[in-house]
Amino acid sequence: MKEAVAGELAAAYHSRLVDEVRAAGFRHQKGRLTLHLAREFGFCYGVDRAVDYAYQAVARFPGRNVFLTGEIIHNPHVNDRLRAGGIHFLSDPAERARALGPDDVVILPAFGITVQEMLRLTDLGCTLVDTTCGSVLNVWKNVVRYAQDGYTAVIHGKVKHEETRATASQALKYPNGRYIVVLDRDEAAIVCDYIRHGGDRGAFFARFGQAVSPGFDPDTDLQRIGCANQTTMLMSESLEIGEMFAAAMRDRYGADHVAEHFRAFDTICSATQERQDAVETLLDQQPVDLMIVVGGYNSSNTCNLARICAVRVRTYHIADPACLLSADRIRHRPVGAPSTAQAPEVFSENWLPQGRPVVVGLTAGASTPNNIVGQVIETLERFTAAPA
Ligand code: SF4
0 MKEAVAGELA AAYHSRLVDE VRAAGFRHQK GRLTLHLARE FGFCYGVDRA VDYAYQAVAR
60 FPGRNVFLTG EIIHNPHVND RLRAGGIHFL SDPAERARAL GPDDVVILPA FGITVQEMLR
120 LTDLGCTLVD TTCGSVLNVW KNVVRYAQDG YTAVIHGKVK HEETRATASQ ALKYPNGRYI
180 VVLDRDEAAI VCDYIRHGGD RGAFFARFGQ AVSPGFDPDT DLQRIGCANQ TTMLMSESLE
240 IGEMFAAAMR DRYGADHVAE HFRAFDTICS ATQERQDAVE TLLDQQPVDL MIVVGGYNSS
300 NTCNLARICA VRVRTYHIAD PACLLSADRI RHRPVGAPST AQAPEVFSEN WLPQGRPVVV
360 GLTAGASTPN NIVGQVIETL ERFTAAPA
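For the sequence shown, numbering that gives the first Met the number 0 assigns the number 0 to the initial residue and increments by one for each residue that follows.
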C-alpha cells in the first residue's frame, strides 16, 4: 500500500528546487539573492509517517468514511489536501455531531490523543489508524512509569496543545497519577519556589488551576516529581527547567536524597533537536540579512525555531509563500507568542533590502512540506530578480 500512495505523496509535497538547493550544499544563488537553507528542515520522520498513513488509509478502505480526530499535523496546506482527498475532520464544525460506528475509520494524529478519547473510539468499534509518533510514545512510557512509581509528572509544554493534553492524560492511568504543566522558566520558577518554601495555595491554583490533574495538592504532590516535556519545545529551555527542578529538590531534601524525589529523562525528539541545532549552525556560519521561518502558526516547533532565530537576526515567521506580498511588504506572525495563543498576523514594510545583494536564511518547521519551502524560494527569487 505504501508504494501505491508514494506517487501521490511525491506529487503533493515534493519540490525539485529544494532537492537542487540541498544538492548544492544548502546554498542557492540567483540574481541578487543568496539563500542559505538550514541543513535540517521541514517534514520530520513522525510527520512523514503520519501523512503517509493517512493517504494509505484512504486507499486501504475504499467506500468507508475516513476521519481524522483533528489536524493530523499543524500545517494548513497538508490538512486542506487531506480534506480534498476525502478525509473528514472531526474538529470541523460540520463534522462535530457525527455519530461514529464500526464502519468508520479514524486516523489518530502524530501527536496522539488522550486516553479518554482513545477509549471512546475503541468502545465505538471504529477502525483506528494510529499515527502517534514513536517519540511521543516514548514520553508517554516514562510518564506512565512516573505515575506507577508515585512521581508527579512535571510536563514542560503548552497546556492546550494536543500532545501535552494527551501526555498528561497518560499520568492518570494509575489512581495516584498526578501531573502539572509548566509553560516556561517563569512558571517553573514559581513551582520550584513552592517546592522549596511552600506557599500560598490560592495563588498557586490561580496560576496553575487549569494545568494540574484533578485533586492536585501542591503540598503533597510536589514531593516526588519526574520531568517530561512536549517533544517540540525549545530544547535548551527544557534542559534548564529540568535543572531548576533538580536544584529545588536538592535544596528541599538535600543532595543525598535527590534520587528519591526527582527523575528526568530526555524527551525532546531528535528531529526537533536537529532542526534547532541546524538553524543555530546556519546562523553561526553565515551572516544573513534576515531569516525566514516557514510553518503553521499553531506549530509549536516552528514557533520555537522562529524564537531561536529572532534572538540573533531579524526574523519573519510566515505560514506560506502567499505571506510574501511583495518585495516591500510581508505578512507574518509576531515571534514569541506561544503556538497555542491567538497572535494576529502583522504586516512589515521594507523587509527585503533593495538595490544590493541580499542574503536570506531559510528554515521550515517539522510539519512544513518541501513544496511550500520550494515556493518560498521561488518567490524570493522573483523579488530579487532585478540586478543590484
Ligand atoms: S516533531 Fe518529533 S515527536 Fe513530533 S512528529 Fe516529528 S519526530 Fe515525532
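Using N, Cα and C, we set each Cβ at its ideal position, and we do this for glycine too.
- Within a 10 Å sphere around the beta-carbon of H256 sit fewer than 16 other beta-carbons, which makes this residue exposed.
- For V310, the three-state secondary structure derived from DSSP is coil.
- Here R306 is buried: its Cβ has 16 or more other Cβ atoms, across all protein chains shown, within 10 Å.
- Taking all protein chains in view, the Cβ of T271 is crowded by 16 or more other Cβ atoms within 10 Å, so the residue is classified as buried.
- Under the three-pair Cβ rule at 8 Å, the region 132-143 counts as touching the region 222-237.
- Contact between G295 and P75 holds: CB atoms are separated by about 6 Å, below the 8 Å threshold.
- Secondary structure of Q28 (DSSP, three-state): strand.
- When only Cα atoms are considered, C132 and L8 end up about 19 Å apart.
- Closest in alpha carbon position to P333, among D220, H35 and H316, is H316.
- By the neighbour-count criterion, in which a residue is buried when 16 or more other Cβ atoms sit within 10 angstroms of its Cβ, K157 is buried.
- E161 sits buried, since 16 or more C-beta atoms from the chains shown fall within 10 Å of its C-beta.
- Per the coordinates, the alpha-carbon of A167 lies some 30 Å from the alpha-carbon of A309.
- Of the candidates T378, G84 and I371, T378 places its Cα closest to the Cα of S325.
- Per DSSP, the continuous beta strand (DSSP E) segment holding R330 begins and ends at R328 to H331.
- Three or more pairs of CB atoms, one per stretch, sit closer than 8 Å, so the region 178-188 contacts the region 202-215.
- DSSP, reduced to helix, strand and coil, places D129 within a strand of the structure shown.
- If you draw a straight line from the Cα of D265 to the Cα of G198, it comes to about 30 Å.
- If you check the C-beta of G45 against the ligand SF4, you find a heavy atom less than 7 Å away.
- The region 282-297 makes contact with the region 353-371: 3 or more CB pairs, one atom from each, lie closer than 8 Å.
- Counting C-beta pairs with one atom in each stretch, the region 16-23 and the region 42-55 have fewer than three that are closer than 8 Å, which means they do not touch.
- For F110, the shortest separation between its Cβ and any heavy atom of the ligand SF4 lies below 7 Å.
- Taken through DSSP and simplified to helix, strand or coil, F261 comes out as strand.
- Within the model, the alpha-carbon separation for L36 versus L81 is close to 28 Å.
- When the Cα atoms are used, A318 and D283 turn out to be separated by approximately 25 Å.
- Non-local C-beta neighbours of W350 in its own chain, meaning closer than 6 Å and more than five positions away in sequence, comprise I329, ordered along the chain.
- DSSP links A227 through a beta bridge to I154.
- The region 108-119 and the region 140-154 do not touch, with fewer than 3 CB-CB distances between them shorter than 8 Å.
- Relative to the ligand SF4, S347 has its C-beta separated by 7 Å or more from all heavy atoms.
- R48 and E348 have their C-alpha atoms roughly 39 Å apart.
- In the DSSP assignment, S347 falls within the unbroken beta strand (DSSP E) covering V345 to E348.
- Taking 8 Å as the cut-off, the Cβ atoms of S269 and S366 do not count as close.
- In the displayed model, I291 falls within a strand according to three-state DSSP.
- Annotated as distal: S237 and A170, with beta-carbon spacing of 8 Å or more.
- DSSP places Y12 inside the alpha helix (DSSP H), whose first and last residues are K1 to Y12.
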